[in-house]
Each structure stands twice: as C-alpha cells, then as structure tokens.
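Numbering (the working numbering), first residue to last: 87 to 445.
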C-alpha cells in the first residue's frame, strides 16, 4: 500500500489535516437507530426526543421532575453527547401520557410517540447516525478528507473509546485504578462502576494501539522483523502479512460475528481474515474482568500485557468496525465539508474525526 492510500493516522505529521470542527448543536447531530420497530401497542409509551446542550441524564431529570416520577422509571438505550443536537428514544408508562401534553422545555422537544410492550433497556439500539460539519476546509484539505474517507469505506476504523470516555481532563481512569487498588473509596455505586469501566476502557485502548503498531510494522517490514520488534516468538506471524485487511487477524484471536453475534477462536487466521474482509466477523479486544473469555496463542501474547485482575464484570469489544451510509458534501463558497455516517452501538464518532485530522 502506497503512502498516498494510507489514512491520516498512518501518515507523517506533515500530512496532518487542520480543519475546524465544533461539537455544537449547529455542527454535530446524532440520531439513534432503534434495535427494532416499536409494536404500536402495550402499556409503555416510547417518546422520540430531540435535545440540545443537555446530557441524557439531565434530560431524563427534567422529564421525570415534570411527571413526578423517578429517573430510573424512564427507559433509555444509551447516553448521547451533551454538546450536540441529539435524537433518541425513551420509554415510560403510558399512564403518564396525559401529563406529557403540558410538557415544554426550550432544549427538549418530543418529536413523536408510540405505544410499546416493554421498557427500553440499555443497549437496545442498532447504532447511531452522525451528521457533522467541518469548517475552513480548503481545496487540498477537501482532497485529503476524500482520500481518507475512501480508505475508511474500504477498510473500516479502529474501535477506540473516544476521549470523552475519560472525562474533561482525560484522567478519570486513574481514579478507577485507585479504587481497584484500594487507594480510593467510592460510596456511590454508579460512580464507582463508571470509573472502573473507564480504567477497563483505558486498558483496551492501549491494547488496540499495540495491535495497530503491529499492523503498521507489517506494512513496511517482514513478518520476522515485526516479530522481533514486538517480542513475539519466531514464526508466530507467518502468512499474516499477506492478509488483505490493514488490521490483521492473529492465531488465537477471539472473533465475533459482525455487527453482533457469538464469540469464537480464530483457528485458521487465513480463512478468518477473508471473512473479516467480507465484514462477516471482526476481531475483539479485552475489557479485563471476571467471567470473560481471553484470547489464545499469538493474540494472547499481546493481550496479556493489558490484562489485569479486576473483580468487576469484563467483556469483549470489537477491535475494528465499519462505518456505513457515508455521505459527503463540499460547499466551496463556505469552505464547509458536511459528513454523514452510521456507526454500530458503543462506537465513537470522535474517533473517526481524529482519523480525519490525522491524529
């Protein structure tokens, strides 16, 4: 692969792309895509909500206060960005329908409502559609954005946790680590779990960076040379370099059907790599904890570097994902670049933006 075909985050610093992106309701819209169609009948009422400059929890507090119910009585599928125009679904008992008629708030609008049989639960969504506007995009920057997006459409992107996962200063994972070490006490269960999960996310991101380092090395060096740099046993990367995808499947990887499905071990990396290229499966990374499967063989040699004994629940997360429904429009008279795309649940639009910036 020539350097001109590589994404920004694989290019030298001199190729960084400087454009302006403000995370604001004017330039950033997120629309939740439900996991299934709502039934139209039942004792629950599903509301399609548009909000701006509010966290999901703040929005739920405002609505629950108006209805005189507890926040936990309202169901929602996921948390949405504060500094954006976001559209999501929430559910509550249909007995509150009459009281909703008097609800009004300058930052919240009920777009639609429909009956359903059950409460919406966390994770009950396919993913999110994102609409972004970049500013001060000049001709050469537009060409660079087009080039990187073409690469992304073909190859996908790493499924890092976005920077917002780690708090305003990017260091809330440190508190999670201290809690696990017994150096910090946290009485509030929700805060404790959130900080520990931030530390799990931190470990995942560093593991993923290590795997991407391996893939970058294979772009330039031989399998034997890469084994030496990465400290892997001789022959463990045999036949890996010829895989079509940038992100390589290793022997012992835990794979998962894409975009959701069961987890299984990679016993034939060459065959599994072909399925990965066809977007039928994708490798997963570890969020350390209890009751979670670990990878094996070559994959485990790298994973173990970021595996720690954590008493909280662990899980597997896709290492690599594929943005779809990518649309782009360039407005030269304004130097604006408008971008739309869909990501599966749990993925961060800011990761894609960072790739476009060359970070």
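Where a beta carbon is used, it is the ideal one built from N, C-alpha and C, also for glycine.
> When burial is assigned at 16 or more other CB atoms within 10 Å of the CB, is residue 402 buried or exposed?
Replying inline: With 16 or more other Cβ atoms inside 10 Å of its own Cβ, residue 402 counts as buried.
> I think residue 207 touches residue 161, with their Cβ atoms under 8 Å apart; what is that distance to the nearest whole Å?
Replying inline: 6 Å
>> My output table needs one value for residue 254: the three-state DSSP class, helix, strand or coil.
In response: coil
>> Pop quiz: residue 221 and residue 422 are said to be a contact at Cβ under 8 Å. What is the actual Cβ separation, rounded to whole angstroms?
In response: Beta-carbon to beta-carbon, residue 221 and residue 422 are separated by about 6 Å, close enough to satisfy the 8 Å threshold.
> For residue 170, which residues from the same chain have a beta carbon less than 8 Å from its beta carbon, with the 5 sequence-adjacent residues on both sides left out?
Replying inline: 109, 110, 111, 114, 115, 116, 138
> Buried or exposed: residue 335, going by 16 or more other Cβ atoms within 10 Å of its Cβ?
Replying inline: buried
> Skipping 5 residues on each side, what residues in its chain have a beta carbon closer than 6 Å to that of residue 132?
Replying inline: 124, 175, 177, 200, 202
>> Excluding the 5 residues flanking residue 190 on each side, which residues of the same chain have their C-beta closer than 7 Å to its C-beta?
In response: none
> Using the C-alpha atoms, what's the distance from residue 344 back to residue 361?
Replying inline: 10 Å
> Going by beta carbon distance, what residues of the same chain come within less than 8 Å of residue 349, once the five residues before and after it are set aside?
Replying inline: 340, 341, 342, 370, 379, 402
> Do residue 400 and residue 376 have their C-beta atoms within less than 9 Å of each other?
Replying inline: yes
>> Quick check on the burial criterion: 16 or more other C-beta atoms within 10 angstroms. Buried or exposed for residue 193?
In response: exposed
> Going by beta carbon distance, what residues of the same chain come within less than 7 Å of residue 233, once the five residues before and after it are set aside?
Replying inline: none
>> Please tell me whether residue 352 and residue 329 are closer than 9 Å, where the distance is taken between their beta carbons.
In response: No, the pair does not count as a contact, with Cβ atoms beyond the cut-off.
> Between the beta-carbon of residue 332 and the beta-carbon of residue 305, is there less than 9 Å?
Replying inline: yes
> Roughly how many whole angstroms lie between the Cα atoms of residue 140 and residue 154?
Replying inline: 20 Å
>> On the DSSP letters alone, give me the boundaries of the alpha helix (DSSP H) that residue 383 sits inside.
In response: 383 to 389
> Nearest-angstrom Cα distance between residue 431 and residue 211?
Replying inline: 7 Å
> Helix, strand or coil: how does DSSP classify residue 274 here?
Replying inline: coil
> When the distance is taken between beta carbons, is residue 195 closer than 9 Å to residue 282?
Replying inline: no
>> Can you tell me which residues form a DSSP beta bridge with residue 426?
In response: 217, 413
>> Among the candidates 225, 179, 183, 182, whose CA atom is the shortest distance from the CA of residue 420?
In response: 225
>> Just to confirm my understanding: we take residue 395, look at its own chain, exclude 5 residues before and 5 after, and list those with CB closer than 8 Å. What are they?
In response: 374
> Rounded C-beta distance between residue 249 and residue 436? I'm assuming under 8 Å.
Replying inline: 6 Å
> To the nearest angstrom, how far is it from the Cα of residue 72 to the Cα of residue 303?
Replying inline: No statement about residue 72 is possible, as the shown extent of the chain runs from 87 to 445 and does not include it.
>> Can you tell me whether residue 403 is helix, strand or coil according to DSSP?
In response: strand
> Does the distance from the C-beta atom of residue 285 to that of residue 266 stay below 9 Å?
Replying inline: Contact flag set, yes.
>> Quick check: what's the CA-CA separation for residue 204 versus residue 277?
In response: Put simply, the backbone Cα of residue 204 is about 27 Å away from that of residue 277.
>> Out of 424, 372, 322, 186, which one is the CA nearest neighbour of residue 406?
In response: 372
> If you draw a straight line from the C-alpha of residue 273 to the C-alpha of residue 237, how long is it?
Replying inline: 46 Å
> When burial is assigned at 16 or more other CB atoms within 10 Å of the CB, is residue 297 buried or exposed?
Replying inline: buried
> Which residues in the same chain have their Cβ closer than 6 Å to the Cβ of residue 316, if we skip the five residues on either side of it in sequence?
Replying inline: 300
> Rounded to the nearest angstrom, how far is the Cβ of residue 119 from that of residue 213, given a contact under 8 Å?
Replying inline: Yes, residue 119 and residue 213 are in contact; Cβ-Cβ is about 5 Å, under 8 Å.
> alpha helix (DSSP H) containing residue 343: first to last residue?
Replying inline: Unbroken run through residue 343 is the beta strand (DSSP E), 340 to 343; no alpha helix (DSSP H).
> Between which two residues does the beta strand (DSSP E) carrying residue 117 extend?
Replying inline: 114 to 120
> Can you tell which of 354, 217, 130 has the C-alpha that lies nearest to the C-alpha of residue 428?
Replying inline: 217
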